[in-house]
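Q: One structure is given below, represented as structure tokens, and several questions about it will come after.
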Amino acid sequence: MLRFVFTRALSLALSLAVASLVIFAVVEIVPGDPASYMLGLNATPEAVDSLRDQLGLNGSLIARYLGWVGGMLTGDFGTSYTYKVPVADLVAQRLWVSLPLALFALTLSTLIAFPVG
991 MLRFVFTRAL SLALSLAVAS LVIFAVVEIV PGDPASYMLG LNATPEAVDS LRDQLGLNGS
1051 LIARYLGWVG GMLTGDFGTS YTYKVPVADL VAQRLWVSLP LALFALTLST LIAFPVG
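The sequence shown finishes on residue 1107 if you use my numbering, and the numbering steps up by one all the way, no holes.
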């Protein structure tokens, strides 16, 4: 039983690591610069470079990935490029709408799954 739990935990950790790498890679591959997007079309190159420094976008890929994962593990999801506020605040605002929907879906799927087998 202990071996089963260990293999499942290892599988979960590996899945999370692969998923985080894929998500980070997709965000990095998307064309465009978040700093340029946030400042608009009339931004000076100095302002864009300064914002890139503030956002930590000038570091190496490995440093940015490790910082991103570290932030996720500590609850620091960074700043929204669109709304320019902490992502955790945006999630907290929308959680109270999403949570009842998720609980209803869980209840409904459980009520259907048990009789079906």
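Note that CB positions come from ideal geometry on N, CA and C, so glycine has one too. Just so it is clear, the structure is predicted and the values come from calculations on it, not from any experiment.
#1: If you run the structure through DSSP and keep just helix, strand and coil, what is Pro1024?
#2: Mind checking whether Arg1042 and Ala1015 have CB atoms under 8 Å apart?
#3: Could you check whether the Cβ of Ala1033 sits closer than 8 Å to any Cβ belonging to chain C?
#4: Can you tell me the Cα-Cα spacing of Asp1023 and Leu1056, whole angstroms?
#5: Counting C-beta neighbours from all protein chains within 10 Å, is the total for Val1038 16 or more, i.e. buried, or is it exposed?
#6: For Trp997, which three-state DSSP category applies?
#7: Excluding the five sequence neighbours on either side, which residues of its own chain have a C-beta within less than 8 Å of the C-beta of Thr1069, listed in chain order?
#8: Specify, as a first and last residue, the run of the alpha helix (DSSP H) that Tyr1055 falls within.
#9: Within the continuous alpha helix (DSSP H) that includes Leu1091, where are the two ends?
A: So, from the data block:
#1: By one-based count along the sequence shown, residue 1024 stands at place 34. Three-state DSSP puts Pro1024 in a helix.
#2: Translated into the one-based positions of the sequence shown, residue 1042 becomes position 52. Translated into the one-based positions of the sequence shown, residue 1015 becomes position 25. No, the Cβ-Cβ distance between Arg1042 and Ala1015 is not below 8 Å.
#3: Absent from the structure is chain C; it holds one protein chain and no more.
#4: Translated into the one-based positions of the sequence shown, residue 1023 becomes position 33. Translated into the one-based positions of the sequence shown, residue 1056 becomes position 66. A direct Cα-Cα distance of roughly 20 Å separates Asp1023 from Leu1056.
#5: On the sequence shown, position 48 is the one that residue 1038 refers to. In the assembly as shown, Val1038 is a buried residue. Its beta-carbon has 16 or more other beta-carbons within 10 Å.
#6: Counted from its first residue, the sequence shown places residue 997 at position 7. A quick correction: the sequence has Thr, not Trp, at residue 997. Here Thr997 sits in helix by DSSP.
#7: Looking up residue 1069 in the sequence shown gives position 79. Closer than 8 Å at the Cβ level, and outside the excluded window around Thr1069, lie Leu1045, Val1075, Pro1076 and Val1077.
#8: If you number the sequence shown from 1, residue 1055 lands on position 65. Tyr1055 -> alpha helix (DSSP H) spans Leu1051 to Thr1064.
#9: Translated into positions along the sequence shown, residue 1091 becomes position 101. For Leu1091, the uninterrupted alpha helix (DSSP H) run begins and ends at Val1077 to Val1106, by DSSP.
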